[in-house]
Structures are given as structure tokens and as C-alpha cells.
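Here is the structure we will look at, set down as C-alpha cells.
In the numbering used here, the protein residues as written are 1 to 292.
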């Protein structure tokens, strides 16, 4: 096992923070389930019980809510990985070990992702309540959890990248959340501007196409899964899926985007903490001394 990963797992899992985070996460999801079930059962005076359509709608809301929770939890767990070592003056000691800079970055990333995996596993009993009423297959759950895992790695890579390029944890955390908000809301806002400024004045309809920039939005990937499951689109009325015959195509493109960009961010992060590269700064200092 990666030494950094092994050390981080031991230290993180033995603190009070991890069980509290798991408990709060499951509590929030459980409260959401209770509110949705209570609203559906007691809102109508003509019908008592749950229809299959009600279960699908609740699962639709639950899946989106869980994705948003993960996106806002992951940057908090990764944005202080390297900057925290720098603030504690332990980063130089870590770099002096036999581990490569890329191994250090991967160890920090997967130690944080391990917490997310624990959260996902802990949420399985809550999500299993939907199986009682039918309409949701285990294959759909596996597909959604796989998407959650790749998305967590992507946003974790963003947090690691910001943590290496900013010296303070507070700054890297803010930068990570700004990037997350841009991918969630900023891409949709750009599409809305294009629709208002370009499509509507010309009498065109953006709902016949799927804007390229939205492939970077994690909601497009989750929306593809939910659209295939129940025929309901997250972005219904806002944009369309064009003439794509495969409803999972936005999911595949979104996953490829996440994987490629994660690899690039992790590679740049490894270069940044490596003192023998230009990004690390050691080469520039040597050149400056040579000129003097």
C-alpha cells in the first residue's frame, strides 16, 4: 500500500471527525427520505399510498441531492492535503522520502476518496428503501455509484491541484469551491446567456441541441442515467439532447472529460511539489544564483 495512503487512513479514520461526518451525512439523507415519503403519502386526500411514479420521482430528487452533497464534501477533504503539509512545515520532509511526487499526490487523493467511499457505502441502506416499492433495479444503483466515484475523483483532483498551487488552505478551499460552482452553475449560466443573446433573437431553439460546454457539468452525466431510467431529464425545458440516439452519450463524454482532466491536474500537482522541476521552483532558483 502507498505509505502516504496508509498513514492518512490510519490518522483520519481514528479521529472523531470521520464518524461525525458519516453520521451527519446519513442523517441528512434519512431526513430527506422521510420528508419525501411523508409528503407523498399525506399530501393527497384521495389516495393513500405510493405509486410507482412517486417512487421514481423521489429517487430522482435523492440522486441529485446526493451528488450535490458529494461535490461540496470532496473539495473540503482534499483542498488542504498539500497546503496543510506546507503549513505544518512537513512537506519538505515528505518530499525527501523515497516516494515520487506522483505517489505522494495519489496517496493524498485516495486517502480523501476513501472517506467518500465510506460515505457512499453508508448511504446504501438509506437508498435501499426504494427497493421496497420497486421500480429501481440494482444495476441502476451500481451505475449511479460508479458515476459518483469518478465524479469524486475529479473534484478531488481539483482540490489537490488547488492545494499544491496555493500556500494557504483557506485560499485553496475557496478556489476549489469556486471551480466546483462554475462547473455546476457557471456552465448552465453560460448556456442561458447564449440562449438569451443568440438563439432567442434569431428565433432558434436551443432545446434541439446539447451545448458542448454542458458535457463538463456533472449534472449532465447524472441526468443521462436518470433519463434512461425514467425518461425524466434534469435539464428538461432548458436544453435538449439533440439527435443523439444513445441517451447515455452525455454520460460517456462527461466521464471521459473527468478522467482526462483529473489525470492532467494530478500530473501538474506532482510537478508542482517536485523541487527538481520548473513548477517546483528549484530550477528557477538555481538559474537566479548562476546569474549572480
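Beta carbons: idealized from backbone N, C-alpha and C, even for Gly.
It should be emphasised that the depicted structure is a prediction, and the values quoted were computed from it without experimental measurement.
Assign residue 198 to one of two classes, buried (16 or more other C-beta atoms within 10 Å of its C-beta) or exposed (fewer than that). Burial call: exposed.
Using beta-carbon positions only, say whether residue 191 and residue 108 come within less than 8 Å of one another. No, Cβ-Cβ distance for residue 191 and residue 108 is not below 8 Å.
Taking the straight line between their C-alpha atoms, what separation do you get for residue 265 and residue 259? Their backbone Cα atoms lie some 10 Å apart in a straight line.
At what residue ranges does the region 101–188 contain a whole run of the alpha helix (DSSP H), taking only runs of 4 or more? Complete alpha helix (DSSP H) runs here, min 4: 101–127, 129–133, 138–165, 169–181.
Let me check understanding here. Comparing Cα to Cα, which of 32, 114, 67, 78 lies closest to residue 168? With respect to the C-alpha of residue 168, the residue from 32, 114, 67, 78 having the closest C-alpha is 78.
Do residue 269 and residue 161 have their CB atoms nearer than 8 Å? Yes, the pair counts as a contact, with Cβ atoms nearer than the cut-off.
Could you tell me how far apart the beta carbons of residue 15 and residue 115 are, in whole angstroms, since I believe they sit closer than 8 Å? The pair is not a contact, with the Cβ atoms about 11 Å apart (cut-off 8 Å).
Please state if the CB of residue 170 and the CB of residue 75 are separated by a distance shorter than 8 Å. It is not a contact, given that the beta carbons lie outside the stated cut-off.
Note down the Cα distance separating residue 95 from residue 113, rounded to an integer number of angstroms. One C-alpha to the other measures close to 22 Å.
What did DSSP end up calling residue 80 once you bin it into helix, strand or coil? In the structure shown, residue 80 sits in coil (DSSP, three-state: anything other than H, G, I, E or B).
Can you give me the C-alpha to C-alpha distance between residue 36 and residue 130, rounded to a whole angstrom? It is roughly 12 Å from the alpha-carbon of residue 36 to the alpha-carbon of residue 130.
So is residue 217 buried or exposed if we call it buried at 16+ other beta carbons inside 10 Å? It is buried - the Cβ of residue 217 has at least 16 other Cβ atoms within 10 Å.
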